[in-house]
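Order-wise, the sequence lines are chains A and B.
1 is the number of the first residue of the first sequence in our numbering; add one for each residue after it.
221 is the number of the first residue of the second sequence in our numbering; add one for each residue after it.
Idealized CB from N, CA, C, for every residue including glycine.
In this text the structure is predicted, and so the values were computed from the model without any measurement.
Protein chains: 2
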Amino acid sequence: MERRAATKRKRLSRADVLGAAVSHADEIGLEAFSMRGLAQELGVVPMALYKHVANKDELLDGMIDVVFDEIELASADLDWRSAMRRRALSTREVLKRHSWAIGLMESRHPGPANLRNHNAVMGCLRKAGFSFETAIHAYSVQDAYIYGFALQERDLGFETPDSAGDAARRRSETTGLLDEYPYLVEIAEKLPDSGYDTLGEFEWGLDLIIEGLERLRLRE
Amino acid sequence: MERRAATKRKRLSRADVLGAAVSHADEIGLEAFSMRGLAQELGVVPMALYKHVANKDELLDGMIDVVFDEIELASADLDWRSAMRRRALSTREVLKRHSWAIGLMESRHPGPANLRNHNAVMGCLRKAGFSFETAIHAYSVQDAYIYGFALQERDLGFETPDSAGDAARRRSETTGLLDEYPYLVEIAEKLPDSGYDTLGEFEWGLDLIIEGLERLRLRE
DNA sequence: GACTATAGGTGTACGCTGTACACTTGTCAA
DNA sequence: TTGACAAGTGTACAGCGTACACCTATAGTC
């Protein structure tokens with residue numbers, strides 16, 4: 001019976017495994033993520049997982065598609081700038097939730113959610129009147145920026161807000177050359193007080209790019 | 221004697237280890253890179269490495285700084301756009317050579333070459349007349365774009381040029397819905413013939429961003 | 001309801017990893 | 001020549017992914 005199975009916490013499905021894997025990776029990071037750890041999380045012996053995924057690599061493929069599925073699709077109804085903006089903000093949010101996925105989004109075998117996402121973006125741009133070539137360019141800049149920003153945002157979190165500046169200052173003090181990296185020192189001094197906000201930072205660059213693209217579109 | 225030592229291929233230095241590590245990672249990738257493999261490459265027993273680096277993590281820190289050291293510094297003599305352009309192109313080239321480094325550039329403990337690099341970029345922007353806040357923004361967009369583009373370029377290499385499109389087509393054919401991803405199919409059909417060139421693609425987006433920044437600078 | 005095929009969970013084992021710790025060896029200063 | 005110290009070695013251990021053989025609970029048929 002389904003009920004009994006549920007109460008006995010058994011009879012995993014592939015979706016169960018993928019979901020638990022994503023949550024587990026969220027908690028402990030990709031470095032520490034292991035098949036054995038995931039199995040323990042699911043109250044099951046490691047080899048049980050292999051009845052639902054072929055191996056760790058294919059598990060990762062599936063996890064990435066789960067992440068893609070959380071990203072809001074580029075809408076076909078909004079004007080292109082709003083649609084791209086929403087999709088970019090959604091992507092950043094999702095990658096913030098699942099930061100282990102950041103370097104992997106485009107390096108795994110693409111799943112259905114991935115294809116749907118890319119298709120929607122390209123469709124949005126083409127319908128907005130971009131030529132094929134310019135649409136490809138526009139897609140490329142935006143995605144590079146989004147993924148690159150997510151990378152930076154994650155890595156900033158690693159250090160204290162301004163530890164690079166601190167490192168610079170420490171090093172300078174050590175070597176007795178406090179002015180070896182004057183501009184990093186400036187960052188270390190000014191950034192903490194400036195109420196630096198990563199969402200605002202993301203939007204600043206995003207809008208710069210989108211407005212640049214709009215100018216080109218109008219010229220086509 | 222130094223000569224004898226040299227002929228006997230012994231007496232490693234930390235620089236030897238870092239250099240060999242970078243080359244080895246270039247060849248076999250980060251996934252397959254191991255302390256044992258590196259030791260073998262150097263004709264030495266694994267534990268010998270630990271006399272020169274604290275552990276694998278610290279070795280990686282050192283490797284990343286070697287990579288930073290290969291990047292051309294932002295020149296203080298050129299106009300800011302040329303300086304940023306050169307530095308961006310150099311960064312892309314270096315990351316293409318050492319693609320294992322792409323996700324790691326800003327996530328490791330910063331070394332001296334890293335600090336020098338960042339200091340030079342920030343200095344270039346400030347001297348060009350950008351306010352502190354705008355310089356931070358300008359830095360952020362550019363780096364996000366550069367790192368994100370490097371990521372994409374690496375991942376494209378993983379698949380055949382258009383395997384995403386192929387995947388889309390395969391999937392569509394399987395499900396009997398060839399028009400499920402029409403825009404991906406368009407990519408698969410048109411891209412191969414269009415003489416797609418990743419350097420050109422990189423410059424397209426880079427110039428879009430730099431020109432956008434110049435417009436803002438003139439307004440400040 | 002009993003019977004059986006099979007999907008799903010288990011246990012054991014192997015080769016790989018990073019690295020702790022105790023050791024030997026080679027090289028330079030005195 | 002000696003003696004100290006840096007550099008290289010050997011052994012060992014816990015943790016990893018996963019192959020393979022095994023057992024078991026469930027679902028579909030009679």
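Keeping to the same chain, check which residues put their C-beta closer than 6 angstroms to that of B/A245; ignore five residues upstream and five downstream. As a first step, residue 245 of chain B must be located in the second sequence, where it is residue number 25. Excluding residues within five positions, the ones whose Cβ falls inside 6 angstroms are F253 and W320.
Counting pairs of beta carbons, one from the segment 111-123 of chain A and one from the segment 49-58 of chain A, are three or more of them closer than 8 angstroms? Taking a cut-off of 8 angstroms for Cβ pairs, the segment 111-123 of chain A and the segment 49-58 of chain A do not touch, as fewer than three such pairs fall below it.
List, in chain order, every chain A residue whose beta-carbon is nearer than 8 angstroms to that of B/G349. Counting from 1 along the second sequence, the entry for residue 349 of chain B is found at position 129. Chain-order list of chain A residues neighbouring B/G349: empty, with the shortest C-beta distance near 14 angstroms, by a criterion of under 8 angstroms.
Cα separation between B/I356 and B/L345? For the purposes of this step, residue 356 of chain B is taken as the residue at position 136 of the second sequence. For the purposes of this step, residue 345 of chain B is taken as the residue at position 125 of the second sequence. Using only the alpha carbons, I get a separation of about 9 angstroms.
Reference A/I210, options A/R86, A/A150, A/K51 and A/R36, closest by Cα: Against the first sequence, residue 210 of chain A aligns to sequence position 210. Checked all of A/R86, A/A150, A/K51 and A/R36; the closest Cα to A/I210 is A/R86.
Which residues in chain A sit within 7 angstroms of B/A364, going by Cβ to Cβ distance? In the second sequence, residue 364 of chain B corresponds to position 144, counting from 1. Contacts between B/A364 and chain A, judged by CB atoms closer than 7 angstroms, involve Y145, G148, F149, Q152 and G205 in chain order.
Short-range partners of chain B found in the segment 54-80 of chain A, where Cβ spacing is below 7 angstroms: Look at the segment 54-80 of chain A: it has no residue with a C-beta under 7 angstroms from a C-beta of chain B.
Quick check on DSSP: helix, strand or coil for A/I209? Within the first sequence, residue 209 of chain A is the residue found at index 209, counting from 1. Note: A/I209 maps to helix in three-state DSSP.
Report buried or exposed for B/R435, applying the criterion of at least 16 other Cβ atoms within 10 angstroms of its Cβ. Locating residue 435 of chain B in the second sequence gives position 215, counting from the first residue. By the 10 Å Cβ count, B/R435 comes out exposed.
Could you tell me which of A/R81, A/V121 and A/F149 sits nearest to A/R217, measuring between CA atoms? For the purposes of this step, residue 217 of chain A is taken as residue 217 along the first sequence, with counting starting at 1. If we check each option's Cα against that of A/R217, A/R81 comes out closest.
Alpha-carbon spacing of B/E400 relative to A/G43, whole angstroms: Here residue 400 of chain B refers to the residue found at position 180 of the second sequence. Here residue 43 of chain A refers to the residue found at position 43 of the first sequence. Rounded to whole angstroms, the gap between the alpha carbons of B/E400 and A/G43 is 39 angstroms.
Rounded to whole angstroms, what is the Cα-Cα separation between B/R256 and B/I284? If you number the second sequence from 1, residue 256 of chain B lands on position 36. If you number the second sequence from 1, residue 284 of chain B lands on position 64. Each residue's Cα considered, the two are about 19 angstroms apart.
Applying the criterion that 16 or more other CB atoms from any shown protein chain within 10 Å of the CB defines a buried residue, is A/V45 buried or exposed? To locate residue 45 of chain A, count along the first sequence from 1; it is residue 45. Counting Cβ neighbours within 10 Å, A/V45 comes out exposed, since fewer than 16 surround it.
Between the CA atoms of B/M267 and A/V66 - distance to the nearest angstrom: One-based indexing of the first sequence puts residue 66 of chain A at position 66. One-based indexing of the second sequence puts residue 267 of chain B at position 47. A direct Cα-Cα distance of roughly 41 angstroms separates A/V66 from B/M267.
At the level of alpha carbons, what is the spacing between B/S243 and B/G368? Here residue 243 of chain B refers to the residue found at position 23 when the second sequence is read from its first residue. Here residue 368 of chain B refers to the residue found at position 148 when the second sequence is read from its first residue. Roughly 23 angstroms separates the two Cα atoms.
Scan the segment 259-275 of chain B for residues whose Cβ lies nearer than 9 angstroms to a Cβ of chain A and list them as they occur along the chain. For chain A, none of the residues of the segment 259-275 of chain B brings a beta carbon within less than 9 angstroms of one of its beta carbons.
Measuring straight from C-alpha to C-alpha, what distance separates B/L280 and B/H329? Translated into the one-based positions of the second sequence, residue 280 of chain B becomes position 60. Translated into the one-based positions of the second sequence, residue 329 of chain B becomes position 109. B/L280 and B/H329 have their C-alpha atoms spaced approximately 9 angstroms apart.
Closer than 9 angstroms at the beta carbon, the chain A residues around B/S414: On the second sequence, position 194 is the one that residue 414 of chain B refers to. Correct list: F132, E133 and I136.
By the 10 Å Cβ neighbour count, where 16 or more other Cβ atoms means buried, how is A/R219 classified, buried or exposed? Here residue 219 of chain A refers to the residue found at position 219 when the first sequence is read from its first residue. With fewer than 16 neighbouring CB atoms inside 10 Å of its own CB, A/R219 falls in the exposed class.
Do you know how far the Cα of B/K316 is from the Cα of B/R374? The residue you call residue 374 of chain B lines up with position 154 of the second sequence. The residue you call residue 316 of chain B lines up with position 96 of the second sequence. Distance between the alpha carbons of B/R374 and B/K316 is about 8 angstroms.
Give me the Cβ distance between B/G343 and A/A144, rounded to the nearest whole Å; I'm assuming they're in contact under 8 angstroms. Along the second sequence, one-based indexing puts residue 343 of chain B at 123. Along the first sequence, one-based indexing puts residue 144 of chain A at 144. Not a contact, Cβ separation roughly 25 angstroms.
Could one say the Cβ of A/L18 lies closer than 8 angstroms to chain B's Cβ atoms, at least one of them? To locate residue 18 of chain A, count along the first sequence from 1; it is residue 18. Chain B contact via Cβ: absent.
Round the Cβ separation of B/A259 and B/L250 to the nearest angstrom and send it over; I've been treating them as touching at under 8 angstroms. The count along the second sequence starts at 1 and reaches residue 259 of chain B at position 39. The count along the second sequence starts at 1 and reaches residue 250 of chain B at position 30. No, B/A259 and B/L250 are not in contact; Cβ-Cβ is about 17 angstroms, not under 8 angstroms.
Test: A/E214 CB closer than 8 angstroms to a CB of chain B: Taking the first residue of the first sequence as position 1, residue 214 of chain A is located at position 214. At least 8 angstroms separates the CB of A/E214 from every CB of chain B.
If you follow the alpha helix (DSSP H) that A/E41 is in, where does it begin and where does it stop? The residue given as residue 41 of chain A occupies position 41 in the first sequence. Note, A/E41: alpha helix (DSSP H), M35 to E41.
Closest Cβ-Cβ distance between A/E27 and chain B: below 8 angstroms? As a position in the first sequence, residue 27 of chain A is number 27, starting the count at 1. Using a Cβ-Cβ cut-off of 8 angstroms, A/E27 does not count as an interface residue toward chain B, since no Cβ of chain B sits closer than that to its own.
Using the three-state DSSP reduction, which class does A/P161 fall into: helix, strand or coil? The residue you call residue 161 of chain A lines up with position 161 of the first sequence. Reliability of the predicted coordinates at A/P161 is poor, the pLDDT of 45 falling under 50, and the value obtained from them is presented with this limitation in mind. DSSP places A/P161 in coil when its eight states are reduced to three.
Is the Cβ of B/E313 closer than 8 angstroms to any Cβ of chain A? Within the second sequence, numbered from 1, the residue matching residue 313 of chain B stands at position 93. Not one beta carbon of chain A lies nearer than 8 angstroms to the beta carbon of B/E313.
Which of helix, strand or coil DSSP assigns to B/L376: Residue mapping note: residue 376 of chain B aligns to position 156 of the second sequence, counting from 1. Helix at B/L376.
Please tell me whether B/L335 has its Cβ less than 8 angstroms away from any Cβ of chain A. Looking up residue 335 of chain B in the second sequence gives position 115. Yes, contact with chain A.
Step through the CB atoms of chain B and report whether any lies within less than 8 angstroms of the CB of A/H118. Start at 1 with the first residue of the first sequence, and residue 118 of chain A comes out as number 118. Using beta-carbon distances, A/H118 counts as an interface residue toward chain B, with a partner under 8 angstroms.
Compute the Euclidean distance between the alpha carbons of B/P381 and A/F130, then round it to the nearest angstrom. Within the second sequence, the letter at position 161 stands for residue 381 of chain B. Within the first sequence, the letter at position 130 stands for residue 130 of chain A. Reliability of the predicted coordinates at B/P381 is poor, the pLDDT of 45 falling under 50, and the value obtained from them is presented with this limitation in mind. Straight-line Cα distance between these residues: approximately 22 angstroms.
Pull up the CB-CB distance for A/A88 and A/S75, whole angstroms please, since I reckon it's below 8 angstroms. Along the first sequence, one-based indexing puts residue 88 of chain A at 88. Along the first sequence, one-based indexing puts residue 75 of chain A at 75. Actually they do not touch by this definition, with Cβ atoms about 12 angstroms apart.
Any C-beta of chain A under 8 angstroms from that of B/M255: Residue numbering aside, residue 255 of chain B sits at position 35 when the second sequence is read from its first letter. Judged by the 8 angstroms Cβ criterion, B/M255 is not in contact with chain A.
Checking contacts by CB at 8 angstroms: is A/M122 closer than that to chain B? Residue 122 of chain A sits at position 122 when you count from the first residue of the first sequence. Under the 8 angstroms criterion on CB atoms, A/M122 is classed as interfacial with respect to chain B.
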